[in-house]
Amino acid sequence: MRLGTVAENRFAGVLAFATALLTLVTLVIGYHLPPETGEVGVIFPPWFDEPAAVSAIISAGGTLAGGTRFSNILVAVAPDPDFATRVIKYGALLITSARGLCAPIERLEA
58 MRLGTVAENR
68 FAGVLAFATA
78 LLTLVTLVIG
88 YHLPPETGEV
98 GVIFPPWFDE
108 PAAVSAIISA
118 GGTLAGGTRF
128 SNILVAVAPD
138 PDFATRVIKY
148 GALLITSARG
158 LCAPIERLEA
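Right under this line is the structure:
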């Protein structure tokens, strides 16, 4: 059995790390891809207040589904595949799936 040189071993380690990182990035991106219709998280710039964000969603033809932990991120219902393009024209930065930080705030049960 031949042991590799230090350079070969280091290259193999870097290659394994790069493969793991690429896999992780692909999974994260795939998890947050928005659906064409239905509930989506709409992320606005930090200087957008909630009324301006709600106005942009409604002007783009969507409906408000709920708020999130952040005032500039709202959950909307996309009625058609072109909603994302329209709401970006009204000032949204990004459209994601309504999961994680973009998930609606659940009601507290007493």
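Position one of the sequence shown corresponds to residue 58 (this note's numbering), numbered consecutively onward. Backbone N, C-alpha and C define an ideal beta-carbon position, used for all residues, glycine too.
Nearest-angstrom Cα separation, counted from residue j out to residue i
i    : j   : result
L78  : G70 : 12 Å
L151 : P91 : 10 Å
I130 : R67 : 43 Å
G95  : E65 : 50 Å
A113 : V82 : 30 Å
Buried or exposed by the 16-neighbour rule on C-beta atoms within 10 Å, applied to residue i
i    : result
T125 : buried
A149 : buried
F74  : exposed
V132 : buried
Beta-carbon proximity check, residue i vs residue j, cutoff 8 Å
i    : j    : result
R143 : G123 : no
S154 : V97  : yes
T120 : V111 : no
S116 : Y147 : yes
TODO: Ignoring anything shorter than 3 residues or poking outside the stretch 97-147, list the beta strand (DSSP E) runs there in chain order.
DONE: 120-124, 130-135
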